[in-house]
Amino acid sequence: MMVKRMKIGYVSAIDPNDKQSWSGTHFSILNSLKKEGYDVDILGPSRPKLELLIGKILAVISQKISGKRFDYRHSNLLSKAYARYFEKKLKKKHFDFLIAPAASCEIAHLETQIPIVYVSDTTFKRSLGYHKALTNLSHKSEKVANAIEQLALTKSKLIIVSSEWAAESVKRDYGISKKHIRIIPFGPNMNKIPDKSKLKSNFDINQIELLFPAVYWENKGGDIALNCLKKLQAKKINARLTVVGCIPPEEARKTKGLEYIAYLNKNDSTQLKQLQELFLRSDFLILPTRFDCTPVVFCEASAFGLPSLCSDTGGVRGHIHEGKNGFLFNYDDDGTGFAEKISELIDNPSEYEILRISSRKLFEEKLNWDQWRNHVLTAINEIF
Numbered sequence: 020m021m022v023k024r025m026k027i028g029y030v031s032a033i034d035p036n037d038k039q040s041w042s043g044t045h046f047s048i049l050n051s052l053k054k055e056g057y058d059v060d061i062l063g064p065s066r067p068k069l070e071l072l073i074g075k076i077l078a079v080i081s082q083k084i085s086g087k088r089f090d091y092r093h094s095n096l097l098s099k100a101y102a103r104y105f106e107k108k109l110k111k112k113h114f115d116f117l118i119a120p121a122a123s124c125e126i127a128h129l130e131t132q133i134p135i136v137y138v139s140d141t142t143f144k145r146s147l148g149y150h151k152a153l154t155n156l157s158h159k160s161e162k163v164a165n166a167i168e169q170l171a172l173t174k175s176k177l178i179i180v181s182s183e184w185a186a187e188s189v190k191r192d193y194g195i196s197k198k199h200i201r202i203i204p205f206g207p208n209m210n211k212i213p214d215k216s217k218l219k220s221n222f223d224i225n226q227i228e229l230l231f232p233a234v235y236w237e238n239k240g241g242d243i244a245l246n247c248l249k250k251l252q253a254k255k256i257n258a259r260l261t262v263v264g265c266i267p268p269e270e271a272r273k274t275k276g277l278e279y280i281a282y283l284n285k286n287d288s289t290q291l292k293q294l295q296e297l298f299l300r301s302d303f304l305i306l307p308t309r310f311d312c313t314p315v316v317f318c319e320a321s322a323f324g325l326p327s328l329c330s331d332t333g334g335v336r337g338h339i340h341e342g343k344n345g346f347l348f349n350y351d352d353d354g355t356g357f358a359e360k361i362s363e364l365i366d367n368p369s370e371y372e373i374l375r376i377s378s379r380k381l382f383e384e385k386l387n388w389d390q391w392r393n394h395v396l397t398a399i400n401e402i403f
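The sequence shown lines up with residues 20 to 403 when you count with our numbering.
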């Protein structure tokens, strides 16, 4: 049995109370643990100004001399600065364990006897060349960043990842035994979830609503989502695509049925309510993403009984269960398959209603932060 007032140290260079960091996942993890009544001591934030400045200068020099990028956020210079900071914070403090979400650089050189629980949705090697932020790196930068990931994983007693895609890399690329790894899906980064009685249950055939959440149009497959809209319109289906998070290109904005809201801040109660209303009125969440590790928006969609349509890439299978809370499409699909699936469900409203119900059920049973915390604490009991 665990001690009720377990003491946990939260290791992150970012303040987990910032709801904008890591799409709100830091905030959700922090409050999930607090909800259980544990004492969570936030040890950050940490921003080593000198090391960050030197790193940025080195990045500029690398780009100018070799045309290659230097990932200063995963450098030994910064990692050792973090280690000094957190080691000082840990002096004379006693914790049952440290939780380190998305904190490979923070823990890589950290010397401590306190067990570390490392939480991530990818690895450096998995993301290298996949995510735009990790392309065209210099050989040295790749080598250093990869070594940092190895150090972080090796010294962690428990590694929590959100998908099999990430877990496979932890085992294959870094040689970590599966006994130290647990695959546990995340929950929604939205603190207010509507009651089931308020959820939409069927189509209004006069207006099909598609919700496209995207901070970056191109990265999230905006042209594919737009083509899906056009394909539906070609079938004489009255559809609307609402973009939330970015301004579509000028040519796209000319498309009939496309609307956009440049940005909605979940920290603002009025804007959060507006976002929730969009989820409530929508029939599908569409995300033909070009690269993603764990889009928690699928958990949010499921909480609203909203089926998700997504490209099959990265770690999305960790949160999309085919035919239960949505459907996955070939990465090269230009929007045609998305439109065909929507048309198929419009013609079978009873099947769509079942999909709505199973989406919400999956949220209640699996895709929520209470389940995440409970599985994490069970794993700690098994390993520690």
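Note that beta-carbon positions come from the ideal geometry of N, C-alpha and C, so glycine has one too.
Here the C-alpha atom of Val59 lies approximately 16 Å from the C-alpha atom of Lys111. The residues Gly354, Thr355 and Ala358, in chain order, have a CB closer than 7 Å to that of Lys250 in the same chain once the five nearest residues on each side in sequence are set aside. Taking C-alpha positions only, Arg392 is separated from Glu55 by approximately 9 Å.
Annotation: Phe348 is outside any alpha helix (DSSP H); the continuous beta strand (DSSP E) that includes it extends over Gly345 to Phe348. In terms of Cβ geometry, Trp41 and Ala121 form a close pair [threshold 8 Å]. Exposure of Pro368 is indicated by the presence of fewer than 16 other C-beta atoms within 10 angstroms of its C-beta. The segment 376-386 and the segment 275-294 do not touch, with fewer than three beta-carbon pairs separated by less than 8 Å. For Val395, the enclosing alpha helix (DSSP H) has its first and last residue at Trp388 to Ile402.
Going by DSSP, Lys385 is part of no beta strand (DSSP E) at all; its letter is neither H nor E. For the pair Leu229 and Leu248, the CB atoms are nearer than the 8 Å cut-off.
With distances taken between CA atoms, Tyr371 lies nearest to Pro326 out of Phe310, Tyr350, Pro326 and Thr397. Residue environment for Asp223: exposed (fewer than 16 other C-beta atoms within 10 angstroms of its C-beta). Counting other Cβ atoms within 10 Å of its Cβ, Lys385 reaches 16 or more and is therefore classed as buried. The beta carbon of Phe114 sits closer than 8 Å to those of Lys26, Ile27, Gly28, Asp60 and Ile133, all from its chain and outside the five residues before and after it, given in chain order. Under DSSP, the beta-bridge partners assigned to Gly28 are Asp60 and Leu117. Cys312 has its alpha-carbon roughly 24 Å from the corresponding atom of Leu291. From the listed residues Asn208, Pro213, Val180 and Gly324, the smallest Cα separation to Lys197 is found for Val180.
Residue pairing of Ile135 in beta bridges, as defined by DSSP: Leu117. One alpha carbon belongs to Val335, the other to Phe143, and they sit about 17 Å apart.
The straight-line gap separating the alpha-carbon atoms of Ile339 and Ser377 is approximately 12 Å. DSSP places Ala258 in the strand class (E or B) of the three-state scheme. The segment 143-190 contains, as complete beta strand (DSSP E) runs of 3+ residues, the segments 177-180 (chain order). The residue among His150, Ser146, Asn225 and His158 with its C-alpha nearest the C-alpha of Ala186 is Ser146. Excluding residues up to 5 positions away in sequence, Leu230, Ala320, Leu325 and Ser327 lie with their Cβ nearer than 6 Å to the Cβ of Leu304 in the same chain.
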